[in-house]
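Down below is the structure, laid out as structure tokens.
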Amino acid sequence: MNADIEMLLKIQEYDKQIYQLESEFAKKLQDRENLEELITTHTLNMEQLQDELNEILEDLKFKKNLLEEKEALLEKLDEKSNSIQNQKQSEALSSEITIAKTNKSILEDKILEIQSIVDEKNKKISEIQQQIDEVKQKLEYFDAQLAEFKKDVDEKIEQINKEKESMLNDINPHLLAKYNKISLWAKGSAVVRVENETCYGCFIKLPPQISVLVEETDEIVYCPNCGRILYKKE
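Taken in order, the sequence shown gives residues 1 to 234; the numbers are from my numbering.
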């Protein structure tokens, strides 16, 4: 096997460790983002409920004012009964009182119904606020753990890079540059084996002339399909 290829495979093993650590950290960041999104969702739900509650409270206030008017009207009608002079006036007043009492009763029932809705909305808002507080607490704890995790990852990557650096001077700089370029997208698989005349990076059947170069020479060969560096499986 080409000595540079052997060196690249060793370097790639170091890079795989780095990619794995970076992937684990990225997953932690995604978990953190999920918690933030959950807080946002709960907050939006609570704001919507609060808007609905505000409208209901306005309606409740309006109906309570109406109820006060009906109660005031009944008081006036009651006072008016003292000045009744004949049966006709008595019947008319009685009809007014009946209507006023009916309207008052309807309003009271409606107010009780609305108050029940208000209580339910307040309960839901309180529950969501509790959920928000719980997620925020989780996020605070998560951030503390994440800081420790990042510190550990950074230290491990730094150590891996130190070990890798000691090898970089022993490899063709042009080939190393090509490897680094491929590694930008082919994380941990910039250098792949050829088996059964197949590139084990993109799994495309290689042209015979490419397979021969890999199998029978020490040349640096690239997959014509994906561009990865190829080597012969020993």
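Backbone N, C-alpha and C define an ideal beta-carbon position, used for all residues, glycine too.
Proximal residues to V153 (C-beta, below 8 Å), its chain only, five neighbours per side dropped: Locating residue 153 in the sequence shown gives position 153, where the first residue counts as 1. The beta carbon of V153 sits closer than 8 Å to those of L21, E22, E24, F25, all from its chain and outside the five residues before and after it, given in chain order.
Cβ separation of E75 and K104, assumed to be a contact under 8 Å, to the nearest whole Å: Your numbering for residue 75 matches position 75 in the sequence shown. Your numbering for residue 104 matches position 104 in the sequence shown. Incorrect: roughly 11 Å between the Cβ atoms, too far for contact.
Cβ-Cβ separation, K121 to N33 (assumed contact under 8 Å), whole Å: Counted from its first residue, the sequence shown places residue 33 at position 33. Counted from its first residue, the sequence shown places residue 121 at position 121. A small correction: the amino acid at residue 33 is Glu; Asn does not occupy that position in the sequence shown. About 30 Å separates the Cβ atoms of E33 and K121, ruling out a contact at the 8 Å cut-off.
First through last residue of the beta strand (DSSP E) which encompasses L230: Taking the first residue of the sequence shown as 1, we reach residue 230 at position 230. Element bounds for L230: 229–232.
Residue interval of the alpha helix (DSSP H) (run including E195): Looking up residue 195 in the sequence shown gives position 195. Taken as a continuous stretch (DSSP letters only), E195 belongs to no alpha helix (DSSP H), being part of the beta strand (DSSP E) at 191–195.
P224 versus L206: straight-line alpha-carbon distance, rounded: Numbered from 1 along the sequence shown, position 224 holds the residue referred to as residue 224. Numbered from 1 along the sequence shown, position 206 holds the residue referred to as residue 206. One C-alpha to the other measures close to 8 Å.
Sequence ranges, beta strand (DSSP E) only - wholly within the stretch 116–196, length at least 3: Along the stretch 116–196, the beta strand (DSSP E) occurs as fully enclosed runs of 3 or more residues at 191–195, listed in sequence order.
Assigned secondary structure, T217 (DSSP; H/G/I helix, E/B strand, else coil): Locating residue 217 in the sequence shown gives position 217, where the first residue counts as 1. DSSP, read as helix, strand or coil, puts T217 in coil.
Cα-Cα separation, N196 to I204: As a position in the sequence shown, residue 196 is number 196, starting the count at 1. As a position in the sequence shown, residue 204 is number 204, starting the count at 1. Between N196 and I204, the C-alpha separation is close to 11 Å.
Where Y19 falls: helix, strand or coil (DSSP): As a working note, residue 19 is residue 19 in the sequence shown. In this structure, Y19 counts as helix in the three-state DSSP scheme.
Residue closest to A177, alpha-carbon to alpha-carbon, out of L8, A3, E36, M1: Start at 1 with the first residue of the sequence shown, and residue 177 comes out as number 177. Checking every option, the nearest Cα to that of A177 belongs to L8.
Proximity to L49 [Cα-Cα], best of K138, V118, G227, L230: Along the sequence shown, one-based indexing puts residue 49 at 49. Residue V118 is the option with its Cα nearest to L49.
DSSP three-state assignment for Y222, whether helix, strand or coil: Your numbering for residue 222 matches position 222 in the sequence shown. In the structure shown, Y222 sits in a strand (DSSP, three-state: E or B).
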